[in-house]
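Notes follow the structure.
2 protein chains.
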Amino acid sequence: MTTGSAGSTVSIKEVAAQAGVSPGTVSNVLNRPHKVASETRSRVEQVIRELGFVRHGSASTLRAGHSRTIGLSVIDIGNPFFTDVAAGVEDMASELGYAVILGNSSGDRVKEERNLRVFAEQRVRGLLITPSDEDPRRLDVIRDRGISVVLVDHPAHRPDQCSVAVNDITGGRMAASHLLDTGAATIGYVTGPLTIRQCLDRRSGAEQAVAAAGLDPARALKVVEMPAMNAKAGQRAAEKLIAGGRLPDAIFCANDLLALGLLRGMLQAGLRVPDDVALIGYDDIDFAAASAVSLSSIRQPTYKLGRIATELLLDECDNPESHAHQQIMFQPELVARESTRRA
Amino acid sequence: MTTGSAGSTVSIKEVAAQAGVSPGTVSNVLNRPHKVASETRSRVEQVIRELGFVRHGSASTLRAGHSRTIGLSVIDIGNPFFTDVAAGVEDMASELGYAVILGNSSGDRVKEERNLRVFAEQRVRGLLITPSDEDPRRLDVIRDRGISVVLVDHPAHRPDQCSVAVNDITGGRMAASHLLDTGAATIGYVTGPLTIRQCLDRRSGAEQAVAAAGLDPARALKVVEMPAMNAKAGQRAAEKLIAGGRLPDAIFCANDLLALGLLRGMLQAGLRVPDDVALIGYDDIDFAAASAVSLSSIRQPTYKLGRIATELLLDECDNPESHAHQQIMFQPELVARESTRRA
DNA sequence: TTGGTGGCCAAAAACGTTTTAATGGCCTTG
DNA sequence: CAAGGCCATTAAAACGTTTTTGGCCACCAA
Numbered sequence: 001m002t003t004g005s006a007g008s009t010v011s012i013k014e015v016a017a018q019a020g021v022s023p024g025t026v027s028n029v030l031n032r033p034h035k036v037a038s039e040t041r042s043r044v045e046q047v048i049r050e051l052g053f054v055r056h057g058s059a060s061t062l063r064a065g066h067s068r069t070i071g072l073s074v075i076d077i078g079n080p081f082f083t084d085v086a087a088g089v090e091d092m093a094s095e096l097g098y099a100v101i102l103g104n105s106s107g108d109r110v111k112e113e114r115n116l117r118v119f120a121e122q123r124v125r126g127l128l129i130t131p132s133d134e135d136p137r138r139l140d141v142i143r144d145r146g147i148s149v150v151l152v153d154h155p156a157h158r159p160d161q162c163s164v165a166v167n168d169i170t171g172g173r174m175a176a177s178h179l180l181d182t183g184a185a186t187i188g189y190v191t192g193p194l195t196i197r198q199c200l201d202r203r204s205g206a207e208q209a210v211a212a213a214g215l216d217p218a219r220a221l222k223v224v225e226m227p228a229m230n231a232k233a234g235q236r237a238a239e240k241l242i243a244g245g246r247l248p249d250a251i252f253c254a255n256d257l258l259a260l261g262l263l264r265g266m267l268q269a270g271l272r273v274p275d276d277v278a279l280i281g282y283d284d285i286d287f288a289a290a291s292a293v294s295l296s297s298i299r300q301p302t303y304k305l306g307r308i309a310t311e312l313l314l315d316e317c318d319n320p321e322s323h324a325h326q327q328i329m330f331q332p333e334l335v336a337r338e339s340t341r342r343a
Numbered sequence: 344m345t346t347g348s349a350g351s352t353v354s355i356k357e358v359a360a361q362a363g364v365s366p367g368t369v370s371n372v373l374n375r376p377h378k379v380a381s382e383t384r385s386r387v388e389q390v391i392r393e394l395g396f397v398r399h400g401s402a403s404t405l406r407a408g409h410s411r412t413i414g415l416s417v418i419d420i421g422n423p424f425f426t427d428v429a430a431g432v433e434d435m436a437s438e439l440g441y442a443v444i445l446g447n448s449s450g451d452r453v454k455e456e457r458n459l460r461v462f463a464e465q466r467v468r469g470l471l472i473t474p475s476d477e478d479p480r481r482l483d484v485i486r487d488r489g490i491s492v493v494l495v496d497h498p499a500h501r502p503d504q505c506s507v508a509v510n511d512i513t514g515g516r517m518a519a520s521h522l523l524d525t526g527a528a529t530i531g532y533v534t535g536p537l538t539i540r541q542c543l544d545r546r547s548g549a550e551q552a553v554a555a556a557g558l559d560p561a562r563a564l565k566v567v568e569m570p571a572m573n574a575k576a577g578q579r580a581a582e583k584l585i586a587g588g589r590l591p592d593a594i595f596c597a598n599d600l601l602a603l604g605l606l607r608g609m610l611q612a613g614l615r616v617p618d619d620v621a622l623i624g625y626d627d628i629d630f631a632a633a634s635a636v637s638l639s640s641i642r643q644p645t646y647k648l649g650r651i652a653t654e655l656l657l658d659e660c661d662n663p664e665s666h667a668h669q670q671i672m673f674q675p676e677l678v679a680r681e682s683t684r685r686a
């Protein structure tokens, strides 16, 4: 039996009493083991195990002035892209002894606000966030509180802030020029709200590709803006496109969820992909390869994004003086599959 | 300008001084607004806004003895099933003013242990967990600390504990009898580790269905146990089955991830689904409908699972005397699609 | 022996909130 | 008019750590 007494928790004081040392020494065993004589240390550790002591995180946070938790605010935890990012964050944070508080904004400004408030109350050590819009003021409120912020999947605009992102303009260009390569002359761009930077950048990239091919973006690139970026929205986009008459030769969806939904809508309407219309998505989620027609996509290093963002954040927190802010930008990668197979 | 001073945080004391009241009164405004005269209250609230005060959660937790966070420990955050559950948890918790600390065990006992430790340190108000094995001792350690635990997707064995689950035996029976209905005489059951209750129960259900059809489960139901439950494992299972010679008439996968991977493996090997082999998955994740051959599956009320589990947990925490423990069991639902279309 | 040095530990203050007991003022009631 | 009771508020203690300060002791060199 090595369990402590049921119901009540055991404090550092009781450990100290039992081990015949002062509470300060127990604290040192916990936080600066090298500063205490090895004999005393092992005695204290023994008692800690016997009594089942676990440090009261709140007391520690209160006194030390900072916690061992970080906040993670994402736009849509239902999107495998963010799930992968979250997995990377979780793993790295866990390795470094930090807990992760999850906030899912669902693209809702109010929910995001509420989550930020919770993070502030919890006095998270730092914050990882994929901002749902471009308004930097809200983040400044957090930063003013002394909480480090690292932007995820969003380049930082200021030099005193870290960020980890993937070049969406390049990605958009890759997608569109791949479609042009397969013979398309007109491209539909199915996107979420154009207030979202990613959607905007990917469109810019697509425009560049179209222009580089000597076409007029205004004519060759038709934008279909949807209010959401999930499969349902994709399916509605398909219906909308079909109802609208003449289909473009190819369609570029701003993420794979949209693409999968759109693919489904197309197939249900009796259209063939890529024969009637070619299709490419974005993110290369696991399911892209397993869909009805395997989906071409733009791959991003998602898990890595989460890991590195966390690493940067905790470096900034734990080594504030030596920390060098970085804005890391990865390059995406084209993954061609059936949905863009040349006719 | 309504922002507080940069860098340093403002405490309840400064609010009190500024408003000309005592700290205790500010605390009352925060926690028992009805106990303070409305004039004083609005004055304090005004100052709170002006100074940008936000409560120090740790101090509050330390003194009050309990926090406003709950822990959520899942087996695989990459699985849309758990993502849906997490979304339900997050939404409900957020509505009730609680933050959610996420722990992803990846089915790893050590990671789960580490997460539980973090939860204990953070003094979470309660814990939602999908246990990765049947060993109840670890949970008892948590419960002994006075932390309420609600089991998610797992029926509780003890009457003094809440749980929310879906009947997996029924689900397994539904799946298998559906396969038998489509004309299968032999069924392959592709599953994760049989130490996992869900995998075990679904097999039991399948056995019942096979037996009810007058067949011998030992011959008609061939179990293929994989170490993981993701798409990759599914694909390997396909290779294994194909390499093993004679295929069963139909395959029942213990979840959709396995099924999607297996489907891919089958198609790549030139086999047709459902013509050469019928296929049904489990969970009915969003992607099941969008796969190469749309996937039949067993649907579970995932989001609801998360919401209700959270509701039960917080009721237990906030109303310990009136709370009645419940073991809720939902029924799953068959969703038939192309992958089990009768030849 | 003496003065200095360094290692190890104890004592006590502090972190920001919640909560309990006490206070004063006002209203009601006899 | 006095006594009692209620309401709004305050003062102060407490929660469990961390951290700073200082003290004791052993050891070494002069």
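Those protein sequence lines, which keep their order, are chains A and B. All residue numbers for the first sequence refer to this note's numbering, where the first residue is 1 and numbers rise by one. All residue numbers for the second sequence refer to this note's numbering, where the first residue is 344 and numbers rise by one. We put the beta carbon where it would ideally sit given N, CA and C, even for glycine.
For the pair of segments examined, the region 622-630 of chain B was found not to touch the region 442-461 of chain B: the number of CB pairs separated by less than 8 Å stays below three. Close partners of H668 (chain B) in chain A (Cβ separation under 9 Å) are lacking, with about 18 Å as the shortest Cβ gap. When only Cα atoms are considered, V223 (chain A) and D275 (chain A) end up about 21 Å apart. The C-alpha of N371 (chain B) is placed about 12 Å away from the C-alpha of S381 (chain B).
As a beta-bridge residue in DSSP terms, R642 (chain B) pairs with B:D626, B:E676. Annotated as proximal: V10 (chain A) and L51 (chain A), with beta-carbon spacing under 7 Å. DSSP lists no beta-bridge partner residue for I355 (chain B). Interface with chain B (7 Å Cβ-Cβ cutoff): N255 (chain A) is excluded. Rounded to whole angstroms, the separation of the alpha carbons of G172 (chain A) and S204 (chain A) is 7 Å.
Runs of beta strand (DSSP E) with 3 or more residues, each lying fully within the region 346-427 of chain B, are found at 412-417, listed in chain order. The beta-carbon separation of L215 (chain A) and A238 (chain A), rounded to 24 Å, does not stay under the 8 Å limit for a contact. Contacts between N510 (chain B) and chain A, judged by CB atoms closer than 9 Å, are missing: the closest CB pair is about 25 Å apart.
Taking 3 residues as the minimum length, the beta strand (DSSP E) runs contained wholly in the region 531-615 of chain B are 564-568, 593-596, in order along the chain. For T534 (chain B), the nearest beta carbon of chain A is not closer than 7 Å to its own beta carbon. Interface with chain B (7 Å Cβ-Cβ cutoff): F81 (chain A) is excluded. Each of B:I539, B:T538, B:D629, B:I530 was checked against the Cα of L590 (chain B), and the nearest Cα belongs to B:I530. Within 10 angstroms of the beta-carbon of A429 (chain B) lie 16 or more other beta-carbons, which makes it buried. Contact between G400 (chain B) and E121 (chain A) holds: their C-beta atoms lie close to 4 Å from each other, under 8 Å. At a cut-off of 7 Å between beta-carbon atoms, T182 (chain A) makes no contact with chain B. Taking a contact as a CB-CB distance under 8 Å, the pair D140 (chain A) and T195 (chain A) does not count as one, their CB atoms being some 19 Å apart.
Within the model, the alpha-carbon separation for S294 (chain A) versus V335 (chain A) is close to 11 Å. In this structure, DSSP gives V620 (chain B) a state outside helix and strand, which the three-state scheme calls coil.
Around the beta carbon of V110 (chain A), fewer than 16 other beta carbons sit within 10 angstroms, so the residue counts as exposed. One Cα belongs to M435 (chain B), the other to P423 (chain B), and the distance between them is close to 18 Å. A distance below 7 Å separates the beta carbons of F53 (chain A) and V15 (chain A). V428 (chain B) is outside the set of residues whose beta carbon lies under 7 Å from a beta carbon in chain A. The region 655-674 of chain B and the region 591-602 of chain B do not touch, with fewer than 3 CB-CB distances between them shorter than 8 Å. For I485 (chain B), the uninterrupted alpha helix (DSSP H) run begins and ends at 480-487, by DSSP.
Taking the Cα positions, G78 (chain A) is about 15 Å away from L445 (chain B). Annotation: V492 (chain B) is outside any alpha helix (DSSP H); the continuous beta strand (DSSP E) that includes it extends over 491-495. Of the candidates B:V417, B:K378, B:H497, B:H497 places its Cα closest to the Cα of I671 (chain B). In terms of CA proximity to P332 (chain A), A:D283 leads the group A:A292, A:S148, A:D283. In the DSSP annotation of this structure, the continuous segment of the beta strand (DSSP E) that includes L102 (chain A) starts and ends at 99-104. Rounded to whole angstroms, V369 (chain B) and V387 (chain B) show a C-alpha spacing of 7 Å. Using a Cβ-Cβ cut-off of 7 Å, S132 (chain A) is close to nothing in chain B; its nearest Cβ partner there is about 15 Å away. Nearest to E664 (chain B) by C-alpha distance, out of B:V379, B:D503, B:L470, is B:D503.
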